[in-house]
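Residue numbers for the sequence shown follow the numbering used here, so the first one is 18 and each next one is one higher.
For glycine and all other residues, C-beta sits at the position ideal for the given N, C-alpha and C.
As the structure is a prediction and not an experimental result, all values here were calculated from the model.
Each remark here refers to the structure printed beneath this line.
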Amino acid sequence: MTPLTGRLRRQPIGERTPRGRSPYGSPVTISSSPSGASGDVTLDSYDAAAHVYLEQSMPPGPAVMAYLDAVAGLVGDGTVLELGSGPGWDASYLESRGPRVLRTDGAPAFVQMLQAAGHQTRLLDVRMDDFGGPYDAVLADAVLLHVTREQFVDVLQRARQAVASGGVLAITLKEGDGEACTEAKLGRPRHFTYWREPAVRAALMDTGWQVLSLEHVAGRVEPWLFVIARTGQVPSKIPRRPV
Ligand SMILES: C[S@@+](CC[C@H](N)C(=O)[O-])C[C@H]1O[C@@H](n2cnc3c(N)ncnc32)[C@H](O)[C@@H]1O
18 MTPLTGRLRR
28 QPIGERTPRG
38 RSPYGSPVTI
48 SSSPSGASGD
58 VTLDSYDAAA
68 HVYLEQSMPP
78 GPAVMAYLDA
88 VAGLVGDGTV
98 LELGSGPGWD
108 ASYLESRGPR
118 VLRTDGAPAF
128 VQMLQAAGHQ
138 TRLLDVRMDD
148 FGGPYDAVLA
158 DAVLLHVTRE
168 QFVDVLQRAR
178 QAVASGGVLA
188 ITLKEGDGEA
198 CTEAKLGRPR
208 HFTYWREPAV
218 RAALMDTGWQ
228 VLSLEHVAGR
238 VEPWLFVIAR
248 TGQVPSKIPR
258 RPV
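See below:
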């Protein structure tokens with residue numbers, strides 16, 4: 018397996034920002050508003066308030082641990098690319114179960130936090146940066162809920178290209194309809210895109226992933242979808258789904 022190598026290249030997302038309606042769910046608002054250094058208001062909020070997130074969040078509870086155990090069971094001692102590692106709790110837990118985890122985050126403050134704790138960590142914005150690879154798995158726990166539906170599909174495609182044959186994808190999303198912007202928890206704005214099971218399944222199938230498990234998990238505040246998928250057939254062309 019090739020680790021994430023080289024300097025990460027940044028490029029503007031430009032016209033990939035969706036306007037109008039998405040084939041994968043509710044009407045899309047312009048969610049990732051251009052903002053400060055990262056060009057994304059959510060990422061800027063995490064960067065400015067990483068210490069607040071650390072104080073307000075908790076290490077994985079039983080449901081997340083069981084989910085990560087399932088990922089470890091599929092990956093063995095292989096290599097996992099983690100997107101949006103944040104404080105790195107999932108990565109540390111996963112490594113205690115066998116896999117090697119390559120930590121990344123789009124917020125420099127989290128990257129610095131993890132590096133200061135002795136972990137090799139890369140700055141990687143899921144919207145535009147190269148994932149490298151191939152890996153045995155890509156993990157994004159509570160991360161892809163921050164991107165638009167079109168960006169989500171793009172991430173799924175690039176994750177598919179970043180894993181070896183038989184590679185695994187593990188993602189968690191908030192369950193629900195539409196989008197929201199809230200200052201809860203950080204005291205700064207974060208965008209959320211909510212997902213329903215049929216739309217997630219459709220997006221995964223369209224991007225060459227086969228769903229192994231999709232669980233509905235009660236959260237402390239809102240319900241979640243915990244998904245594990247494996248490489249399947251890549252369609253020659255992503256179908257345009259009716260809204
Ligand atoms: C809710 S936290 C989850 C952190 C960690 N995965 C966990 O479960 O504890 C969301 C994380 O996604 C990161 N993030 C948000 N947008 C991102 C983007 N465009 N690219 C990479 N990381 C992003 C944030 O910096 C933050 O670390």
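The C-beta separation of residue 107 from residue 77 comes to about 6 angstroms, placing the pair in contact by the 8 angstroms criterion.
Contact between the stretch 192-206 and the stretch 167-174 is not established, with fewer than three Cβ pairs separated by less than 8 angstroms. Remark: fewer than three beta-carbon pairs, one from each stretch, lie closer than 8 angstroms, so the stretch 185-198 and the stretch 132-146 are not flagged as touching.
A contact is defined here as three or more CB-CB pairs under 8 angstroms, and the stretch 79-91 fails this definition with respect to the stretch 52-67. In this structure, the C-beta of residue 212 stays at least 7 angstroms away from each heavy atom of ligand 1. The Cβ-Cβ distance between residue 96 and residue 114 does not fall below 8 angstroms. The beta-bridge partner set that DSSP reports for residue 118 consists of 97. The Cβ-Cβ distance between residue 126 and residue 64 falls below 8 angstroms. Listed in chain order, the beta strand (DSSP E) elements of length 3 or more contained wholly in the stretch 125-160 are 138-140, 152-158. Nearest to residue 212 by alpha-carbon distance, out of 237, 185, 226, 244, is 244. DSSP links residue 247 through a beta bridge to 185, 227. Excluding the 5 residues flanking it on each side, residue 91 has same chain C-beta neighbours closer than 6 angstroms at 185, in chain order.
Annotation for residue 247: 185, 227, 229 place their beta carbon closer than 6 angstroms to its own, counting only its chain and skipping 5 residues before and after. When DSSP states are grouped into helix, strand and coil, residue 175 belongs to the helix group. Taking a C-beta distance under 8 angstroms as the contact criterion, residue 59 and residue 207 qualify as a contact pair.
Contact annotation: residue 219 and residue 98 have beta-carbon atoms that are not nearer than 8 angstroms. The beta carbons of residue 101 and residue 177 sit no closer together than 8 angstroms. Note: residue 209 is bridge-paired with 197 in the DSSP secondary-structure output.
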